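Colleague: Below is a structure I'd like to ask you about.
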DNA sequence: CCTGATAGACAGGTAACTTGAGTATAGCGT
DNA sequence: ACGCTATACTCAAGTTACCTGTCTATCAGG
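Next up, the structure:
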């Protein structure tokens, strides 16, 4: 099952990159999408983002450096804590986020169409979400993962 | 959806590693499992394996080197073609394959149990398989992916 | 104000790939 | 039988997306 899920992910990833390339974005990867999804409107700290995406602060710092260099985000000093900076989307970043959503929605719709127009697809999605939530609450009883838009 | 699938994969991967570690195998990764699954009983060429797993010959050669160094496979010259070698499982490899199957089956059963004892899980699996097959046959009309045991 | 926690920076390492280029062998058309 | 192209594999180097370990600056509690 896990390998199946991985292959589906890879297939979708490939489609996504292709679509992004067609739109002229060659510097966005899946991880940027995950990052975009984790950002708050009013600025988010690197350490918070790292925790949300389940990676180390260092890996997140690298991802943020990369994303900043590409012009999608800026990091401004946190007025409430001089150690910290908060991540904000630039206009370019905002546009990219919207494009990513649009493309992923399109891909998702295509997949749903391939799978008999919807029903099976949405139950597939529900199943994955439920499985994840259950797995997450196996050990620790944290807040359940919000149903993923993508 | 893709991100969901990826998270499910990662979760399962983590469970699998943990179980393998408990059994004393610290040198097996998910890719070895995929490799094990792709092997024929009577020996398989690297190029064939690379194609089956959708990677380059070079990446497969590296994976095979690694797996051979760990003692799970041997490569013997192909008597029918002096350019080629064929990959065979060692006894240790055979044992590892069987353990992997057993552990993945156990994990799968646990997941199925978490998801209301079966029905939802198997429909999830069917959905993923169907989606993959449909995606694969979008462009080229090749043989459909066999339903994945894991 | 000292102490320990936290935010982040800097350096180096690893896994699992990739592309590019090269060698040995196979097998086909002429 | 000979040359040409395709195939099986190898070697070298680069990339992505992480990791651990160590460091400094800052914050917050007793």
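Chains as they are written, first to last, in my numbering: chain A, 1 to 150; chain B, 151 to 300.
No residue lacks a Cβ here, since even glycine has one placed at the ideal position from N, Cα and C.
The structure displayed is predicted, hence computed values, not measured ones.
What is the DSSP secondary structure of residue 259 (chain B), counted as helix, strand or coil?
Modeller: The residue you call residue 259 (chain B) lines up with position 109 of the second chain. The answer is helix: DSSP assigns residue 259 (chain B) an H, G or I state.
Colleague: Does the beta carbon of residue 21 (chain A) come closer than 8 Å to any beta carbon on chain B?
Modeller: If you number the first chain from 1, residue 21 (chain A) lands on position 21. No, residue 21 (chain A) does not count as interfacial toward chain B.
Colleague: What do you reckon, are the CB atoms on residue 89 (chain A) and residue 39 (chain A) nearer than 8 Å?
Modeller: By one-based count along the first chain, residue 89 (chain A) stands at place 89. By one-based count along the first chain, residue 39 (chain A) stands at place 39. Result yes, Cβ atoms of residue 89 (chain A) and residue 39 (chain A) sit closer than 8 Å.
Colleague: Are the CB atoms of residue 180 (chain B) and residue 196 (chain B) within a distance shorter than 8 Å?
Modeller: As a working note, residue 196 (chain B) is residue 46 in the second chain. As a working note, residue 180 (chain B) is residue 30 in the second chain. It is not a contact, given that the beta carbons lie outside the stated cut-off.
Colleague: In the DSSP assignment, find the beta strand (DSSP E) that holds residue 239 (chain B) and state where it starts and stops.
Modeller: On the second chain, residue 239 (chain B) is found 89 positions in, with the first residue counted as 1. Per DSSP, residue 239 (chain B) belongs to the beta strand (DSSP E) from 235–239.
Colleague: Between the Cα of residue 66 (chain A) and those of A:27, A:34, A:94, A:85, spot the shortest distance and give me the residue it belongs to.
Modeller: Here the question's residue 66 (chain A) lines up with position 66 in the first chain. Nearest C-alpha to residue 66 (chain A): A:27.
Colleague: Would you list the residues sitting across from residue 194 (chain B) in a DSSP beta bridge?
Modeller: Here residue 194 (chain B) refers to the residue found at position 44 of the second chain. Residue 194 (chain B) has B:237 as its beta-bridge partners, per DSSP.
Colleague: Would residue 64 (chain A) pass as a contact of residue 75 (chain A) if the rule is Cβ separation under 8 Å?
Modeller: Counted from its first residue, the first chain places residue 64 (chain A) at position 64. Counted from its first residue, the first chain places residue 75 (chain A) at position 75. A contact, by the Cβ cut-off of 8 Å.
Colleague: Are the Cβ atoms of residue 228 (chain B) and residue 220 (chain B) separated by less than 8 Å?
Modeller: Within the second chain, residue 228 (chain B) is the residue found at index 78, counting from 1. Within the second chain, residue 220 (chain B) is the residue found at index 70, counting from 1. No, the Cβ-Cβ distance between residue 228 (chain B) and residue 220 (chain B) is not below 8 Å.
Colleague: The alpha helix (DSSP H) spanning residue 232 (chain B) covers which residue range?
Modeller: Residue mapping note: residue 232 (chain B) aligns to position 82 of the second chain, counting from 1. Looking at the DSSP string, residue 232 (chain B) is not in any alpha helix (DSSP H), and its letter there is neither H nor E.
Colleague: Taking 8 Å as the CB-CB limit, is residue 111 (chain A) close to chain B?
Modeller: The residue labelled residue 111 (chain A) in the question sits at position 111 within the first chain. Residue 111 (chain A) counts as touching chain B.
Colleague: If you measure between the beta carbons of residue 109 (chain A) and residue 265 (chain B), is that distance less than 8 Å?
Modeller: Here residue 109 (chain A) corresponds to residue number 109 of the first chain, with the count starting at 1. Here residue 265 (chain B) corresponds to residue number 115 of the second chain, with the count starting at 1. Not in contact: residue 109 (chain A) and residue 265 (chain B) (Cβ atoms no closer than 8 Å).
Colleague: Among B:167, B:174, B:198, which residue has its Cα nearest to the Cα of residue 183 (chain B)?
Modeller: Within the second chain, the letter at position 33 stands for residue 183 (chain B). Taking only the C-alpha atoms, the option nearest residue 183 (chain B) is B:167.
Colleague: Using a C-beta to C-beta distance shorter than 7 Å, which residues of chain A count as neighbours of residue 157 (chain B)?
Modeller: If you number the second chain from 1, residue 157 (chain B) lands on position 7. Neighbours of residue 157 (chain B) on chain A, chain order: 132.
Colleague: Answer with buried or exposed for residue 15 (chain A), where buried requires no fewer than 16 other C-beta atoms within 10 angstroms of its C-beta.
Modeller: Stepping through the first chain from its first residue, residue 15 (chain A) is reached at position 15. Residue 15 (chain A) comes out buried.
Colleague: Against residue 13 (chain A), what residues of chain B qualify as contacts under a CB-to-CB distance less than 9 Å, listed in chain order?
Modeller: Numbered from 1 along the first chain, position 13 holds the residue referred to as residue 13 (chain A). The answer, in chain order, is 152, 156.
Colleague: In whole angstroms, what is the alpha-carbon distance linking residue 273 (chain B) and residue 232 (chain B)?
Modeller: The residue given as residue 273 (chain B) occupies position 123 in the second chain. The residue given as residue 232 (chain B) occupies position 82 in the second chain. So the alpha carbons of these two residues sit roughly 47 Å apart.
Colleague: Kindly indicate if chain A contains any beta-carbon less than 8 Å away from that of residue 167 (chain B).
Modeller: Within the second chain, the letter at position 17 stands for residue 167 (chain B). It does not: the Cβ of residue 167 (chain B) has no partner Cβ on chain A nearer than 8 Å.
Colleague: Out of curiosity, what's the CA-to-CA distance linking residue 292 (chain B) and residue 283 (chain B)?
Modeller: By one-based count along the second chain, residue 292 (chain B) stands at place 142. By one-based count along the second chain, residue 283 (chain B) stands at place 133. Note on residue 292 (chain B): pLDDT 39, under 50, position unreliable in the model; no value is reported.
Colleague: Going by alpha carbons, who is nearest to residue 72 (chain A) out of A:56, A:2, A:96?
Modeller: Within the first chain, the letter at position 72 stands for residue 72 (chain A). Considering only alpha carbons, the answer is A:96.
Colleague: With a threshold of 16 other CB atoms inside 10 Å of the CB of residue 7 (chain A), please say whether the residue is buried or exposed.
Modeller: Taking the first chain and counting its residues from 1, one reaches residue 7 (chain A) at position 7. Its Cβ being crowded by 16 or more others within 10 Å, residue 7 (chain A) is buried.
Colleague: Between residue 129 (chain A) and chain B, is the shortest Cβ-Cβ distance under 8 Å, so that the two count as touching?
Modeller: What you label residue 129 (chain A) is simply residue 129 of the first chain in a count that begins at 1. Residue 129 (chain A) counts as touching chain B.
Colleague: Name the residues in the stretch 174–185 of chain B whose C-beta lies less than 7 Å from a C-beta of chain A; which are they?
Modeller: 184
Colleague: Looking only at its own chain, which residues have a Cβ that is under 7 Å from the Cβ of residue 92 (chain A), when we skip the five neighbours before and after it?
Modeller: Here residue 92 (chain A) is taken as the residue at index 92 of the first chain, counted from 1. If we look at residue 92 (chain A) and ignore the five residues flanking it on each side, its Cβ neighbours are 71, 72.
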